[in-house]
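For the sequence shown, counting from 1, position 191 maps to 191 in our numbering; every step adds exactly one. Backbone N, C-alpha and C fix where the C-beta goes; we use that ideal spot for every residue, glycine too.
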Amino acid sequence: MTSTGPARPLLASLLAALIAACSAGLPDTGAAPNVAPAGPGTAALRVLVTKSDAGGPVSGAHVCVSRATSAPICADSDRDGTATLSAARGTDFVRVNGPSEQRWQEATRVIDLSSGSGALWVELEVLRRISGAVRDENGKAVADATACAHPAKDEATVCARSGGDGKYGIDVKAGIYRLEVSGPPGGRLVPQWARGRAFLEEADVLDARTTDVPDVDVDLLHGVVLRGVVRFEGKIVEDAQVCLRTLAAPLPLECERTDKQGRYAALREPGQYYVWVVPPGNIRAIPQWFDRAATGVGSTPVTLNSDRTIDVDLFGGTTIRGRVATTDGEFVANALVCFDTPFPTGRICRETGGDGRYTITTRPETYVINVIPPEHSDLIAEYWQRARTWPEADEYRVGTSDATLDLVMRRGTRVTGTVKNKREIGVAGGYVNFWDDRGIAAATQTDAAGRFELVVLPGHYRVEAFPPFVGNLVGQVFESDIPSLSELNIVLDDVAP
Numbered sequence: 001m002t003s004t005g006p007a008r009p010l011l012a013s014l015l016a017a018l019i020a021a022c023s024a025g026l027p028d029t030g031a032a033p034n035v036a037p038a039g040p041g042t043a044a045l046r047v048l049v050t051k052s053d054a055g056g057p058v059s060g061a062h063v064c065v066s067r068a069t070s071a072p073i074c075a076d077s078d079r080d081g082t083a084t085l086s087a088a089r090g091t092d093f094v095r096v097n098g099p100s101e102q103r104w105q106e107a108t109r110v111i112d113l114s115s116g117s118g119a120l121w122v123e124l125e126v127l128r129r130i131s132g133a134v135r136d137e138n139g140k141a142v143a144d145a146t147a148c149a150h151p152a153k154d155e156a157t158v159c160a161r162s163g164g165d166g167k168y169g170i171d172v173k174a175g176i177y178r179l180e181v182s183g184p185p186g187g188r189l190v191p192q193w194a195r196g197r198a199f200l201e202e203a204d205v206l207d208a209r210t211t212d213v214p215d216v217d218v219d220l221l222h223g224v225v226l227r228g229v230v231r232f233e234g235k236i237v238e239d240a241q242v243c244l245r246t247l248a249a250p251l252p253l254e255c256e257r258t259d260k261q262g263r264y265a266a267l268r269e270p271g272q273y274y275v276w277v278v279p280p281g282n283i284r285a286i287p288q289w290f291d292r293a294a295t296g297v298g299s300t301p302v303t304l305n306s307d308r309t310i311d312v313d314l315f316g317g318t319t320i321r322g323r324v325a326t327t328d329g330e331f332v333a334n335a336l337v338c339f340d341t342p343f344p345t346g347r348i349c350r351e352t353g354g355d356g357r358y359t360i361t362t363r364p365e366t367y368v369i370n371v372i373p374p375e376h377s378d379l380i381a382e383y384w385q386r387a388r389t390w391p392e393a394d395e396y397r398v399g400t401s402d403a404t405l406d407l408v409m410r411r412g413t414r415v416t417g418t419v420k421n422k423r424e425i426g427v428a429g430g431y432v433n434f435w436d437d438r439g440i441a442a443a444t445q446t447d448a449a450g451r452f453e454l455v456v457l458p459g460h461y462r463v464e465a466f467p468p469f470v471g472n473l474v475g476q477v478f479e480s481d482i483p484s485l486s487e488l489n490i491v492l493d494d495v496a497p
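And the structure:
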């Protein structure tokens, strides 16, 4: 709650006045301050309201103090941003709203006035508005659609619904956002990221750091529904994943989960799709492609021009069990153990439990085994027998009999950082690769805020940072020595500066 810039001397003087007022009572300023009348059993509360960005006073802020069992007492801040109220002695709740001329983030505080008068400094943040209209492919306004602004940092997503005219407005804190829009319940409109994108990495970047962002209009397409029931050995399967991948573009799988009755429903744009069903880890069933294929190469595309029902009967396989531990014997929870076939469509991963145990059921085949460490750990992602890449990995043969395979992970140096463009906007879905004399040592992708983390052994590396498959940024390559702890902040240039 600090501020910088030209407003700092003014803010310092205001804070000094606030402290003086708290210790000496209300000052004689020659003008009538905004004061709520005092009464018996009360204490004076003086509140200074300033702007979070510039630090200057906020005139006309609405300040209310109350207790759980009493009506609020309110006053507006004057020109120097202060308001003085008479509050009940004890623990009081303070709520501050900015003046109505602008949109502000409401602030709440708790103060103990048991010993007498008190003072608070409250910073208010000006809100920015992301707005636009939601329509269908025929240009008709879509009412009750949900528009959600996803911040490019660890803050809550903010959503709003469109009105009868299809227009929406989302009030957000200053920052970088990406917009996700979904249709009303039962509207059968396919959700999308603005504008016209299927995934977050493709979404338009909305810069609301200094101004509102208007005219973010979105056209939603009517879709069709693929539904059905997933069973294994005649019993319904809850929490299975039914994943679809379009043939129209090189896009990842999108998945839905079955409910307690084994039912699933997937709303998609009309087209052709591959369908992959992945059972939960608590049954001895194996993943299956439509139509009853064990591998993606043997799958049959599903044509979705209208609603369609496909029920799935899973079949069983061989179960491999084991434990994942570090080199010093500590069991690893929440790691992913992945069995990968020569064709990537056969990959299946399961998470380790709190005791490091995992269970994978799959078909008889030759696999390479990859262990992905839990997030924010210092464990190295490696293949079985410490291979670093898929071509180097030793093969593991799964037959028709169940087997046990324990796995060991090494510790390394955790490297964190960000990838941004020159406008300080995080690059979502970017690629970061670390190379040494043996080849690729580690690789990862950035999150929605452009952050990344990976783990390598201390040493000298060539670092590559590339933008995602959309955008107009140039990759960067540089050398870096990684000590026991490291952080890298990478800036990518524009294609056309």
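Could you say which of G90, A441, D80 lies nearest to L48 if we only look at CA atoms?
D80
From P458 to D355, what does the alpha carbon distance come to, in whole angstroms?
29 Å
Whole-angstrom distance between T361 and T400, CA atom to CA atom:
11 Å
Mind checking whether K167 and A145 have CB atoms under 8 Å apart?
no
Strictly by DSSP, which residues pair up with A87?
A43
Three-state secondary structure (DSSP) at W384?
helix
If we call anything under 8 Å between Cβ atoms a contact, is V463 one with L492?
no
Return yes when the Cβ of V302 is within less than 8 Å of the Cβ of F315, no when it is not.
no
Mind checking whether L251 and A203 have CB atoms under 8 Å apart?
no
Go ahead and label W390 buried or exposed: buried means 16 or more other beta carbons lie within 10 angstroms of its beta carbon, across all protein chains shown.
exposed
Quick check: D165 and L127, are their CB atoms within less than 8 Å of each other?
no
Among A240, A156, N305, whose alpha-carbon lies nearest the alpha-carbon of P280?
A240
CA nearest to the CA of E101, picked from I73, A61, E330:
A61
I need the straight-line Cα distance from V514 to A381, nearest angstrom please.
The chain is shown from 1 up to 497; residue 514 falls before or after that span and cannot be answered.
With a threshold of 6 Å on Cβ separation, who are the neighbours of K153 within its own chain once the five nearest residues in sequence on each side are excluded?
A449
Would K571 be called buried (16 or more neighbouring beta carbons within 10 Å of its own) or exposed?
Not covered by the structure: residue 571. The range shown for the chain is 1 to 497.
In the DSSP assignment, find the beta strand (DSSP E) that holds K167 and state where it starts and stops.
167-173
R451 to T418 span [Cα, whole Å]
4 Å
Once DSSP output is grouped into helix, strand and coil, what is the label at L304?
strand
Leaving out the 5 sequence neighbours to the left and right, which residues in its chain are closer than 6 Å to V224 when beta-carbon positions are compared?
P270, L304, S306, D307
Given a threshold of 16 other Cβ atoms within 10 Å of its Cβ, counted over all protein chains shown, does N370 qualify as buried or as exposed?
buried
In whole angstroms, what is the alpha-carbon distance linking P27 and L113?
For P27, the pLDDT reaches just 41, beneath the cut-off of 50, and the residue's location in the model is therefore unreliable, leaving the point undetermined.
Quick one: what's T318 bridged to in DSSP?
T362
Please go through the same chain and pick out, in chain order, the residues whose beta-carbon is closer than 8 Å to the beta-carbon of G439, but skip the five residues on each side of it.
R388, T389
Can you list, in chain order, the residues of its chain with a C-beta nearer than 8 Å to that of T318? Leave out the 5 residues immediately preceding and following it.
T361, T362, R363, P364, V398, G399, T400, S401, D402, A403
For V297, the three-state DSSP class (helix, strand or coil)
helix
Just verifying my parser: in three-state terms, what is the DSSP assignment at E101?
coil
Three-state secondary structure assigned by DSSP to L492:
strand
Euclidean distance between Cα positions of I425 and D219
26 Å
Helix, strand or coil at T29 [DSSP, three-state]:
Unreliable positioning characterises T29 in this predicted model, as indicated by a pLDDT of 39, which lies under 50. The coordinate reading is nonetheless provided below. T29 falls in the coil class under three-state DSSP.
Between which residues of its own chain and V229 is the CB-CB distance below 6 Å, once the five residues before and five after are set aside?
G262, R263, D311
Using the DSSP secondary-structure output, state which residues sit across from N472 in a beta bridge.
Answer is none; N472 lacks a bridge partner.
Which runs of the beta strand (DSSP E), 3 residues or longer, sit entirely within the stretch 159-231?
167-173, 176-182, 218-220
Cα-Cα, which of D436, F434, A443, G430 is closest to F466?
G430
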